[in-house]
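This report refers to the structure that appears directly beneath it.
2 protein chains.
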Amino acid sequence: MAPKKKSTGTDTKKRILDATLECLRTNGIVGTSARAIAAIGDFNQALIFYHFGSVNDAVIQAVGSMTERQRDRYRTRLAEADDLAELVTIARDLREEDARLGSISMLAQAFAGAAGNPEQGKQLYAQLEEWTGVVSEGIERSLGDSPAASIVSSEHLAFGISALFVGMELLSAMDPEKAPTDELLDEFGQLAQMLQVLLASPLMQSLVPPKTNPAPSS
Amino acid sequence: MAPKKKSTGTDTKKRILDATLECLRTNGIVGTSARAIAAIGDFNQALIFYHFGSVNDAVIQAVGSMTERQRDRYRTRLAEADDLAELVTIARDLREEDARLGSISMLAQAFAGAAGNPEQGKQLYAQLEEWTGVVSEGIERSLGDSPAASIVSSEHLAFGISALFVGMELLSAMDPEKAPTDELLDEFGQLAQMLQVLLASPLMQSLVPPKTNPAPSS
DNA sequence: GTCTATACACCGATAGAC
DNA sequence: GTCTATCGGTGTATAGAC
Numbered sequence: 000m001a002p003k004k005k006s007t008g009t010d011t012k013k014r015i016l017d018a019t020l021e022c023l024r025t026n027g028i029v030g031t032s033a034r035a036i037a038a039i040g041d042f043n044q045a046l047i048f049y050h051f052g053s054v055n056d057a058v059i060q061a062v063g064s065m066t067e068r069q070r071d072r073y074r075t076r077l078a079e080a081d082d083l084a085e086l087v088t089i090a091r092d093l094r095e096e097d098a099r100l101g102s103i104s105m106l107a108q109a110f111a112g113a114a115g116n117p118e119q120g121k122q123l124y125a126q127l128e129e130w131t132g133v134v135s136e137g138i139e140r141s142l143g144d145s146p147a148a149s150i151v152s153s154e155h156l157a158f159g160i161s162a163l164f165v166g167m168e169l170l171s172a173m174d175p176e177k178a179p180t181d182e183l184l185d186e187f188g189q190l191a192q193m194l195q196v197l198l199a200s201p202l203m204q205s206l207v208p209p210k211t212n213p214a215p216s217s
Numbered sequence: 000m001a002p003k004k005k006s007t008g009t010d011t012k013k014r015i016l017d018a019t020l021e022c023l024r025t026n027g028i029v030g031t032s033a034r035a036i037a038a039i040g041d042f043n044q045a046l047i048f049y050h051f052g053s054v055n056d057a058v059i060q061a062v063g064s065m066t067e068r069q070r071d072r073y074r075t076r077l078a079e080a081d082d083l084a085e086l087v088t089i090a091r092d093l094r095e096e097d098a099r100l101g102s103i104s105m106l107a108q109a110f111a112g113a114a115g116n117p118e119q120g121k122q123l124y125a126q127l128e129e130w131t132g133v134v135s136e137g138i139e140r141s142l143g144d145s146p147a148a149s150i151v152s153s154e155h156l157a158f159g160i161s162a163l164f165v166g167m168e169l170l171s172a173m174d175p176e177k178a179p180t181d182e183l184l185d186e187f188g189q190l191a192q193m194l195q196v197l198l199a200s201p202l203m204q205s206l207v208p209p210k211t212n213p214a215p216s217s
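See below:
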């Protein structure tokens, strides 16, 4: 039997986490306080401390619940990517949806707020790693046998993509009209198509030796 | 005759700006308050409001003074770049120094604090544009005649590099041990060397038509 | 131009009634 | 588990002495 729900609907803990994310998205980290969160979620301010101990911890948990969802979403979508061009196209679509939902903006705000607080920083970074791990796998699968993969590690590249997305979202929030995020990503898509052909060309062989076939020992 | 200096040394306005930057760097935007700034610079809290009207305005002006210095520094350094490989090498050096000084971290913090405040955001973005304008020129000069330039606009690419740097600095602050910023940039350097050869290859001609020679009309 | 003193709003966090 | 009430602290900003 499904658990009987209160009239308020969802579980309080979840309501707090959702309100915390919404607050982070609309008010930014400087405007995120226990009172502001409580006002958004229409519950009592003291509940945050009862359930999470502090505002900071509520923020960390809220971001954690968000990155979990994103990790799963990225995993299913990236499973469709077979080569570089597809990978870039999917990445562009995912980012577009993230921009609408504000997921990456929330992340950026939480990061900014954790500056100078090593413990909080490490927790947030660990949550990001789960997410980027999926990206890294996607890169590995669609680029693993390309000669470019022998130069750039997929983990490092996934980190770079995350950093790029976080930075672009932060900059776009400053001046949405002027920041050329979509244009840049479109151009990257075209560049990726070009690169894909180049990477397969015989010329590559002279620059990057093919993977040394691990000959069966002896 | 040079203006007589007070015993405190430098001009108060400048002292406030410096203390504001230092506060942004060490405390982050959430920890940046009039009292915190005044404590760092060892002056009275009320002076901030007398000279700048509000803490927010002091932050904007402080960041502005920083981006000006950075713009000049980038301009002189980037003047040495003649091709893609050199450009990437110089970019890596500049970023390394920025990381030491914390310039980009301050920028990221100021950006994060301006979220949800369009006026402040626009002002900060305009300051960043001065900086990226120099980067864009550097790209143009060292890549202008390459076929890649016909795909990616130098302004857009400069924006992307800024976003990448801001994002990397924000992520590195979370967990300096784990974030592979230097590794990634080293790999990008190698990739750039490879690309430089590829872009010059005859194969490019089949993918990207050479610039249509603007034939003199009639 | 710089200081002290202060007004007033909001912050995180807790105690205790329900 | 949720509420009200409240503590001490800190925030921005200003008035007024010097």
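Chains as they are written, first to last, in numbering that gives the first Met the number 0: chain A, 0 to 217; chain B, 0 to 217.
Yeah, the Cβ is synthetic: ideal placement off N, Cα and C, and Gly gets one too.
Fair warning: this is a prediction, and the values are worked out from it, not measured in the lab.
Taking the CA atoms as reference points, residue 106 (chain A) sits about 10 Å from residue 164 (chain A). Separation of residue 63 (chain A) and residue 84 (chain B) (C-alpha to C-alpha, rounded to the nearest whole angstrom) is 39 Å. In the DSSP annotation of this structure, the continuous segment of the alpha helix (DSSP H) that includes residue 157 (chain A) starts and ends at 153-173. DSSP, read as helix, strand or coil, puts residue 132 (chain B) in helix. By the rule that beta-carbons nearer than 8 Å mark a contact, residue 97 (chain B) does not touch chain A.
Taking a beta-carbon distance threshold of 8 Å, residue 166 (chain A) counts as an interface residue toward chain B. Rounded to whole angstroms, the Cβ separation of residue 119 (chain A) and residue 36 (chain A) is 17 Å, and the two are not in contact under 8 Å.
Annotated as distal: residue 28 (chain B) and residue 126 (chain B), with beta-carbon spacing of 8 Å or more.
Contact of residue 177 (chain B) with chain A by beta-carbon distance below 7 Å involves 124. In this chain, the alpha helix (DSSP H) harbouring residue 196 (chain B) covers 180-199. Boundaries of the alpha helix (DSSP H) around residue 112 (chain A): 102-112. Counting every other CB atom within 10 Å of its CB across the protein chains shown gives residue 137 (chain A) a total of 16 or more, marking it as buried. Flagged as an interface residue toward chain A: residue 29 (chain B), by a C-beta distance shorter than 8 Å. Residue 103 (chain A) has its alpha-carbon roughly 19 Å from the corresponding atom of residue 185 (chain A). Only residues of its own chain outside the window of five on either side were considered, and among them 35 have a CB closer than 7 Å to the CB of residue 26 (chain A), listed in chain order. Near chain B, meaning a CB-to-CB distance below 8 Å, the residues of the segment 184-195 of chain A are 186, 187, 189, 190, 193. When the five nearest sequence neighbours on each side are left out, the beta carbons in the same chain lying within less than 7 Å of the beta carbon of residue 194 (chain A) are those of 83, in order along the chain. Pairwise C-beta distances place the segment 165-172 of chain B in contact with the segment 147-167 of chain A, as three or more of them are shorter than 8 Å.
Proximity to residue 117 (chain A) across B:89, B:139, B:176 peaks at B:176, based on C-alpha coordinates.
Under the 8 Å criterion on CB atoms, residue 151 (chain A) is classed as interfacial with respect to chain B. Neighbours of residue 136 (chain A) in chain B, taken as residues whose beta carbon is under 8 Å from its own, are absent, since the nearest beta carbon is some 17 Å off.
The C-beta of residue 118 (chain A) comes no closer than 8 Å to any C-beta of chain B. Contact between the segment 71-91 of chain A and the segment 140-148 of chain A is present: 3 or more CB-CB pairs across the two stretches fall below 8 Å. Against chain B, the beta carbon of residue 26 (chain A) has neighbours under 7 Å at 115, listed in chain order. In this structure, the CA atom of residue 45 (chain A) is about 48 Å from the CA atom of residue 188 (chain A). Per DSSP, residue 38 (chain A) is one residue of the alpha helix (DSSP H) stretching across 33-40.
At least one CB of chain A lies nearer than 8 Å to the CB of residue 121 (chain B). In this structure, the CA atom of residue 167 (chain B) is about 8 Å from the CA atom of residue 178 (chain B). Bounds of the alpha helix (DSSP H) holding residue 26 (chain B) are 11-26. Taking the CA atoms as reference points, residue 15 (chain B) sits about 16 Å from residue 30 (chain B). Around the Cβ of residue 68 (chain B), a 10 Å sphere holds fewer than 16 other Cβ atoms; the residue is exposed. Judged by beta-carbon spacing, residue 42 (chain A) lies within the 8 Å limit of residue 11 (chain A), meaning their Cβ atoms are closer than that value. In terms of Cβ geometry, residue 74 (chain A) and residue 133 (chain A) form a close pair [threshold 8 Å].
Interface annotation, residue 35 (chain A): not in contact with chain B, CB-CB separation never under 8 Å.
Close to chain A, meaning a Cβ-Cβ distance shorter than 9 Å, is no residue of the segment 47-61 of chain B at all.
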